[in-house]
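Engineer: Residue numbers (my numbering), protein chains in the order written: chain U, 1 to 239; chain B, 1001 to 1239.
Yeah, the Cβ is synthetic: ideal placement off N, Cα and C, and Gly gets one too.
Number of protein chains: 2
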Amino acid sequence: MGIDRFMRLKEPKREKIVEGAVEEFSRYGFRQASLNRLAQSLGISKGSLFQYFGNKEGLFLFIFDQAVALVRKRLAQVKQETAEKDFFEKIRRSLAAGVDFLRRHPRVYRIYLKMLFQEDFPLRTELLHRVRLFSAEYLRPMVLKGMAQGEVRSDMDPDFVVFLLDAVMDRFLQAQCVSFLDGGTGLYEGSAEVTGRLIDALVEVLRNGLAGDGMGHAGSRSRGGAHDDSGLGVQVPGA
Amino acid sequence: MGIDRFMRLKEPKREKIVEGAVEEFSRYGFRQASLNRLAQSLGISKGSLFQYFGNKEGLFLFIFDQAVALVRKRLAQVKQETAEKDFFEKIRRSLAAGVDFLRRHPRVYRIYLKMLFQEDFPLRTELLHRVRLFSAEYLRPMVLKGMAQGEVRSDMDPDFVVFLLDAVMDRFLQAQCVSFLDGGTGLYEGSAEVTGRLIDALVEVLRNGLAGDGMGHAGSRSRGGAHDDSGLGVQVPGA
DNA sequence: GATAAAAATGACCACCTGGTCATTCGGCTC
DNA sequence: GAGCCGAATGACCAGGTGGTCATTTTTATC
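1) Please report how far the alpha carbon of Leu1049 of chain B lies from the alpha carbon of Phe1030 of chain B, in whole angstroms.
2) Please work out which residues of its chain come closer than 7 Å, Cβ to Cβ, to Arg1074 of chain B, disregarding the five sequence neighbours upstream and downstream, and give them in chain order.
3) When the Cβ atoms of the region 1055-1072 of chain B are set against those of the region 1112-1127 of chain B, are three or more pairs found closer than 8 Å?
4) Can you tell me which of the three DSSP states Val1178 of chain B falls into?
5) Over the uninterrupted alpha helix (DSSP H) stretch that includes Thr1125 of chain B, give me the two end residues.
6) Starting from Asn1036 of chain B, find everything on chain U with Cβ-Cβ shorter than 9 Å and list it in chain order.
7) Quick one, are the C-beta atoms of Gly240 of chain U and Leu42 of chain U less than 7 Å apart?
8) Would you call Asn208 of chain U buried or exposed, if buried means 16 or more other Cβ atoms sit within 10 Å of its Cβ?
9) Tell me whether Thr195 of chain U is buried or exposed, calling it buried when 16 or more other Cβ atoms sit within 10 Å of its Cβ.
10) For a contact meaning CB atoms closer than 7 Å, what does Arg1031 of chain B contact in chain U?
11) By the criterion of Cβ-Cβ separation under 9 Å, what are the contact partners of His1129 of chain B in chain U?
12) Can you check which of these residues, U:Glu57, U:Val22, U:Val162 and U:Glu15, is closest to Ala136 of chain U by C-alpha distance?
13) Taking a contact to mean a Cβ-Cβ separation below 7 Å, would you say Gln1174 of chain B touches Leu1187 of chain B in this structure?
14) Could you confirm whether any beta carbon from chain B is found closer than 7 Å to the beta carbon of Gly190 of chain U?
15) Using DSSP with H/G/I as helix, E/B as strand and the rest coil, what is Ala1069 of chain B?
16) Run the CB neighbour count on Glu57 of chain U, radius 10 Å, all protein chains shown included, and call it buried at 16 or more, exposed below.
17) So is Thr195 of chain U in contact with chain B if we call contact Cβ pairs under 7 Å?
18) Please state if the CB of Pro158 of chain U and the CB of Val143 of chain U are separated by a distance shorter than 7 Å.
19) Does the separation of the CB atoms of Val1099 of chain B and Ala1067 of chain B fall below 7 Å?
20) Below 7 Å on C-beta distance, what does Gly1184 of chain B contact in chain U?
21) So what's Ala1211 of chain B in DSSP terms, helix, strand or just coil?
22) Kindly list the residues whose CB is nearer than 6 Å to the CB of Ser94 of chain U, restricted to its own chain and excluding five residues on each side of it in sequence; keep chain order.
23) Name the chain U residues whose beta carbon is nearer than 8 Å to that of Ala1096 of chain B?
24) In angstroms with no decimal places, state the Cα-to-Cα distance between Gly2 of chain U and Thr1125 of chain B.
25) For Lys1046 of chain B, go through chain U and note every residue whose CB falls closer than 7 Å to its CB, in chain order.
26) Report the residue from B:Leu1123, B:Val1205, B:Ser1045 and B:Asp1213 whose alpha carbon sits nearest the alpha carbon of Val1152 of chain B.
27) Using 7 Å as the threshold, is the C-beta distance between Glu23 of chain U and Ala33 of chain U below it?
28) Determine which residues of the region 1048-1082 of chain B have a Cβ less than 7 Å from any Cβ of chain U, and write them out in chain order.
29) Start and end of the alpha helix (DSSP H) containing Gln36 of chain U?
30) Suppose the cutoff is 7 Å on Cβ atoms and the five residues either side in sequence are ignored; what does the same chain contact list for Asp1182 of chain B look like?
31) I'd like to confirm the pairing. Which residues does DSSP put opposite Val1152 of chain B in its beta bridges?
32) Are the CB atoms of Ala167 of chain U and Arg1171 of chain B within a distance shorter than 7 Å?
33) For a contact defined as C-beta to C-beta under 7 Å, what are the partners of Ser1135 of chain B on chain U?
34) Cα-Cα, which of B:Lys1085, B:Arg1027 and B:Leu1202 is closest to Leu1164 of chain B?
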């Protein structure tokens, strides 16, 4: 059929088409993306796009599948790398990996954001379920294990803990792309150093809010202590 | 010009038009919204819409201004009602008011969500700045006051605290509208009771993570104690 | 009821969309 | 160079868009 015809293309051209399509969808979402414009910006004819992908939806799904595979791969890598680490260190590393991914593939992330709130994507429901594996497959077991090991307080609904982690981590990533969400913290297109500090500060708050009794937070809480080895990103203004 | 011609309309018709427009924009965003479809569903001619609002953008701005006014009014009300309350009680009440608003005006909230991630809205930048007053005008002074009074730990960047609160509260609201974000917590279109419990659970985690030394959390933290007078929404599964 | 002013209408316009397909092109083999 | 065949092309289609405006309908005044 069509798609193997696309696969028969030579590498540079294939990559160029994928990149161009990612750019188009990330800028305009699905419906508002224009194959006329895409074809023109790629310097190929619109007819070819239809030969390769059948229709607009086919092109989008192809792009989307590639992106999901990319994310899964990276997450699996982090999971493996931090298998032996403390719960909150896992969180820290996951966040750092997220930031890194997003810097490397900003447009891929934007497609995801668009799809989240723009309801006219094709197969939106199914695709989002595929993407939200982040909570289902990644965070949830991590939380359950953390609870079992006493690192995370176990008197709360684990699903709710997952929800909180997901909320705060996702927003942290969004703030890197959407200037209105950074709230003066410097997250939006901030330097790696600033971002690193904020990750540490975030993880510390999470530790205070969620840590279990099994962990070694000595005093009333771990204020500045425990696992923080890079200086938490805090001003000390008044008191 | 046009808009006062709209104002001269009789009340039921005016309201019907506003409601129809909110429905259209909330379903389709700006670009994909169709004035043909809107006119037809309203049972008036397209020409009239242009007489009233000049163009599509004018109609959208009119709708948007009304919505912003609605939100401001409600927030001011909550601020006044909780002026004498504890910091975390303020947060709790604000969240509850947010949930309430969102149930009363679900389509207004959806327009906001669409605009956040769909970049082709007219005047998007300016409008979002106007809307994000939530952090700037509402949360920030609250946090600063909380820090000054020792209710909130003051060794962190206040902007970062605002960011965290904003993130978690916003996501909490989003989860009521977007099924993929609720993560099995039951927030998505959940009952008032479930939502109430989750608000309490959320505030408790925030208290543990952010409370200052001025507050009365006696032990290593306020586990289940302190200000929680409605039973925190927690299962007690294993331990 | 006649007249004038205001408001509602919908046919019409230029433009853009996703999608089609007969035609042309380009690189093989012999 | 001839012949072949898959690949690239872009004119073309039906359908939908925001926007216009001459015309008709409604309303108000006398």
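Structural biologist: Working from what's here:
1) Phe1030 of chain B has its alpha-carbon roughly 15 Å from the corresponding atom of Leu1049 of chain B.
2) Listed in chain order, the non-local C-beta contacts of Arg1074 of chain B below 7 Å within the same chain comprise Ala1097 and Phe1101, local neighbours out to five positions each way being set aside.
3) Three or more Cβ pairs closer than 8 Å define a contact, and the region 1055-1072 of chain B meets that threshold against the region 1112-1127 of chain B.
4) It is coil, neither helix nor strand.
5) Unbroken alpha helix (DSSP H) run through Thr1125 of chain B: Arg1124 to Val1131.
6) For the C-beta of Asn1036 of chain B, not a single chain U residue is nearer than 9 Å; the gap to the nearest is close to 16 Å.
7) With chain U covering 1 to 239 only, the question about residue 240 of chain U has no answer from this structure.
8) When all chains shown are included, Asn208 of chain U counts as buried.
9) Thr195 of chain U is classed as buried because its beta carbon has at least 16 other beta carbons within 10 Å across all chains shown.
10) Chain U residues near Arg1031 of chain B: Gln32.
11) Result: Phe180.
12) The shortest Cα separation from Ala136 of chain U among U:Glu57, U:Val22, U:Val162 and U:Glu15 belongs to U:Val162.
13) No, Cβ-Cβ distance for Gln1174 of chain B and Leu1187 of chain B is not below 7 Å.
14) False, the Cβ-Cβ gap to chain B never drops below 7 Å.
15) Of the three classes helix, strand and coil, the one that applies to Ala1069 of chain B here is helix, per DSSP.
16) Burial is judged here by how many other beta carbons sit within 10 angstroms of a residue's own beta carbon; Glu57 of chain U has fewer than 16 and is exposed.
17) Thr195 of chain U does not count as touching chain B.
18) Yes, Cβ-Cβ distance for Val143 of chain U and Pro158 of chain U is below 7 Å.
19) Taking 7 Å as the Cβ cut-off, Val1099 of chain B and Ala1067 of chain B do not qualify as a contacting pair.
20) The answer, in chain order, is Asp159.
21) Ala1211 of chain B sits in a strand when the DSSP states are folded into three classes.
22) Non-local beta-carbon contacts of Ser94 of chain U in its own chain, meaning distances under 6 Å to residues more than five positions away in sequence, involve Val78 in chain order.
23) Within 8 Å Cβ-Cβ: nothing; Ala1096 of chain B doesn't reach chain U, min ~17 Å.
24) Between Gly2 of chain U and Thr1125 of chain B, the C-alpha separation is close to 41 Å.
25) The contacting residues do not exist; Lys1046 of chain B stays about 21 Å from chain U at best.
26) Of B:Leu1123, B:Val1205, B:Ser1045 and B:Asp1213, the residue nearest in Cα terms is B:Asp1213.
27) It is not a contact, given that the beta carbons lie outside the stated cut-off.
28) In summary, no residue of the region 1048-1082 of chain B has a CB separated from any CB of chain U by less than 7 Å.
29) At residue 36 of chain U the sequence reads Asn, which differs from the Gln that was named. That run of the alpha helix (DSSP H) goes Leu35 to Leu42.
30) Within the same chain, and ignoring the five residues on either side of Asp1182 of chain B in sequence, the residues whose Cβ sits closer than 7 Å to its Cβ are Ala1175 and Tyr1188.
31) Within the DSSP secondary-structure output, Val1152 of chain B pairs in a beta bridge with B:Ala1211.
32) Less than 7 Å separates the beta-carbon of Arg1171 of chain B from that of Ala167 of chain U.
33) Neighbours of Ser1135 of chain B on chain U, chain order: Gly183.
34) Out of B:Lys1085, B:Arg1027 and B:Leu1202, the CA that lies nearest to the CA of Leu1164 of chain B is found in B:Leu1202.
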